[in-house]
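Engineer: Counting from 1, position 318 in the sequence shown corresponds to residue 385 in the working numbering; the numbering is continuous, with no gaps. The beta carbon of each residue, even a glycine, is placed where N, CA and C say it ideally should be. Let me begin by handing over the structure; questions about it come next.
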Amino acid sequence: MTKIITSPSKFIQGPDELSRLSAYTERLGKKAFIIADEFVTGLVGKTVEESYAGKETGYQMALFGGECSKPEIKRLCDACKAQEADVMVGIGGGKTLDTAKAVGYYNNIPVIVAPTIASTDAPTSALSVIYKENGEFEEYLMLPLNPTFVIMDTKVIASAPARLLVSGMGDALATYFEARATKRANKTTMAGGHVTEAAIALAKLCYDTQISEGLKAKLAAEKHLVTEAVEKIIEANTYLSGIGFESGGLAAAHAIHNGLTVLEETHHMYHGEKVAFGTLAQLILEDAPKAEIEEVVSFCLSVGLPVTLGDLGVKELNEEKLRKVAELSCAEGETIYNMPFEVTPDLVYAAIVTADSVGRYYKEKWA
Ligand SMILES: [Zn+2]
């Protein structure tokens, strides 16, 4: 039985790490091609410029157009080649990083990603999500390798709205439970093999870190401060959850998130916010111990993550619509089949509606 764990070569984290960007790109090549969107260029452009001032390593910055689409990837691939750059760098949010990963892959050069938010666990993974130019999902681009370096400038990340960090906590909340289910079911992960002990240990540490540091980190992030708790949560949201999901496996929580996307009312919610509710629904689906459910609900309430469908913007419990959510969660190839028992749309529907009742119950009880 093949077990596989995969990760970036280096994960670098701390305040002002972006000001050392030239030193990191220098280890991989002579000229860096750096992409960032307009907002991020305004935020970090000067820092990047200063980092390269007087250095032998060269760099060229280019504006990212905003969509990780095939035409945008092609445009940036050509621009990168024209510059004869030998290191690809993406600074910004998920779409920028995914585009940088794709450009580096097609041009066969190492990739550095520097997330400016910690709202999901995608940055460390060997995966890019490709969208059509109109913003609709097109396909997953599975990459042979993870980004070479991941650089987290915690000062920059703490300057973002706290809701983004909290959303990352929601994404990271699911990681251990999904990895645990995948391991119990003896299924394979996106890393291409079975779950290693290391991946499970990182996923568990990810969960424990959320419970012990989440609230403290949220309160500091609201004032845009970098405390030790913020550092621990940034590492957990990005590295622990990133390795945890890719090498530990996704299961019901993310499948239910995908199902929830059919509800128009939830479109204003972030990925991690929907995943948090998906986590609660997974715990109901697998009939997890009451103490575990209480710990998860209490955590969500403390940091402001959704525990009811109402929290996600769903105004009324419409059976027809919720059955559609359950059906989509059980679509062919969905990660819900990593659960260690047979899953049907009926069971998922029951879990979603019960998770909502459980969330309401505790909200009232602990109000
Ligand atoms: Zn996720």
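Rounded to whole angstroms, what is the Cα-Cα separation between N175 and P356?
Structural biologist: The residue given as residue 175 occupies position 108 in the sequence shown. The residue given as residue 356 occupies position 289 in the sequence shown. One C-alpha to the other measures close to 48 Å.
Engineer: So, with DSSP's three-state summary, where would you put G161?
Structural biologist: Mapped onto the sequence shown, residue 161 falls at position 94. Helix at G161.
Engineer: Looking at the structure shown, is D220 part of a helix, part of a strand, or coil, going by DSSP?
Structural biologist: Along the sequence shown, read from residue 1 onward, the residue named residue 220 stands at position 153. Residue state, collapsed to three classes: strand.
Engineer: What are the start and end residues of the alpha helix (DSSP H) that includes S314?
Structural biologist: In the sequence shown, residue 314 corresponds to position 247, counting from 1. Here the alpha helix (DSSP H) through S314 covers 308-315.
Engineer: So the alpha helix (DSSP H) A185 belongs to, where does it begin and stop?
Structural biologist: Taking the first residue of the sequence shown as position 1, residue 185 is located at position 118. Counting along the chain, A185 falls outside any alpha helix (DSSP H), and DSSP gives it neither H nor E.
Engineer: Does the structure place the stretch 356-367 close enough to the stretch 312-319 that three or more beta carbon pairs sit under 8 Å?
Structural biologist: no
Engineer: Taking only the alpha-carbon atoms, compute the straight-line gap between E409 and A252 and give it to the nearest angstrom.
Structural biologist: Position 342 of the sequence shown holds residue 409. Position 185 of the sequence shown holds residue 252. Using only the alpha carbons, I get a separation of about 10 Å.
Engineer: Hey, out of T328, A185, V425, A229, whose CA is closest to G309's CA?
Structural biologist: Taking the sequence shown and counting its residues from 1, one reaches residue 309 at position 242. Distances from the alpha-carbon of G309 to those of T328, A185, V425, A229 put A185 closest.
Engineer: Let me check you understand the geometry: is the CB of H338 closer than 7 Å to at least one non-hydrogen atom of ligand 1?
Structural biologist: Locating residue 338 in the sequence shown gives position 271, counting from the first residue. Answer for H338: yes, Cβ within range of ligand 1.
Engineer: Cβ of T114 within 8 Å of Cβ of L85?
Structural biologist: If you number the sequence shown from 1, residue 114 lands on position 47. If you number the sequence shown from 1, residue 85 lands on position 18. Taking 8 Å as the cut-off, the Cβ atoms of T114 and L85 count as close.
Engineer: Is it the case that the stretch 203-217 contacts the stretch 159-174, given that we only count it when at least three CB pairs across the two stretches are under 8 Å?
Structural biologist: yes
Engineer: Return yes when the C-beta of D165 is under 7 Å from any heavy atom of ligand 1, and no when it is not.
Structural biologist: Sequence index remark: in the sequence shown, residue 165 carries index 98 (1-based). No, Cβ of D165 sits at least 7 Å from all heavy atoms of ligand 1.
Engineer: To the nearest angstrom, report how far apart M219 and L272 are at their CA atoms.
Structural biologist: Walking along the sequence shown from the start, residue 219 turns up at place 152. Walking along the sequence shown from the start, residue 272 turns up at place 205. Computed Cα separation, rounded: 19 Å.
Engineer: Would you mind reading off the limits of the alpha helix (DSSP H) that contains G426?
Structural biologist: Your numbering for residue 426 matches position 359 in the sequence shown. Run containing G426: 412-432, per the alpha helix (DSSP H) assignment.
Engineer: Does the stretch 219-238 come close enough to the stretch 256-263 that 3 or more CB-CB pairs lie under 8 Å?
Structural biologist: no
Engineer: Rank A241, K70, L292, V415 by C-alpha distance to the C-alpha of S226 and give the top, closest one.
Structural biologist: Along the sequence shown, one-based indexing puts residue 226 at 159. Here the closest residue by C-alpha is L292.
Engineer: Cβ of V180 within 8 Å of Cβ of T92?
Structural biologist: Translated into the one-based positions of the sequence shown, residue 180 becomes position 113. Translated into the one-based positions of the sequence shown, residue 92 becomes position 25. Taking 8 Å as the Cβ cut-off, V180 and T92 do not qualify as a contacting pair.
Engineer: Which ranges does the alpha helix (DSSP H) cover as unbroken runs of at least 4 residues, wholly within the stretch 72-149, from first to last along the chain?
Structural biologist: 88-93, 105-119, 137-149
Engineer: Might you give, ordered along the chain, the residues of its own chain that have their beta carbon closer than 8 Å to the beta carbon of E105, omitting 5 neighbours on each side?
Structural biologist: Position 38 of the sequence shown, counting from 1, holds the residue named residue 105. Excluding sequence neighbours, E105 sits near L130.
Engineer: What residue range is occupied by the uninterrupted alpha helix (DSSP H) comprising Y274?
Structural biologist: What you label residue 274 is simply residue 207 of the sequence shown in a count that begins at 1. Per DSSP, Y274 belongs to the alpha helix (DSSP H) from 264-289.
Engineer: Are the beta-carbon atoms of V170 and L194 separated by less than 8 Å?
Structural biologist: Translated into positions along the sequence shown, residue 170 becomes position 103. Translated into positions along the sequence shown, residue 194 becomes position 127. For V170 and L194, no; Cβs fall outside 8 Å.
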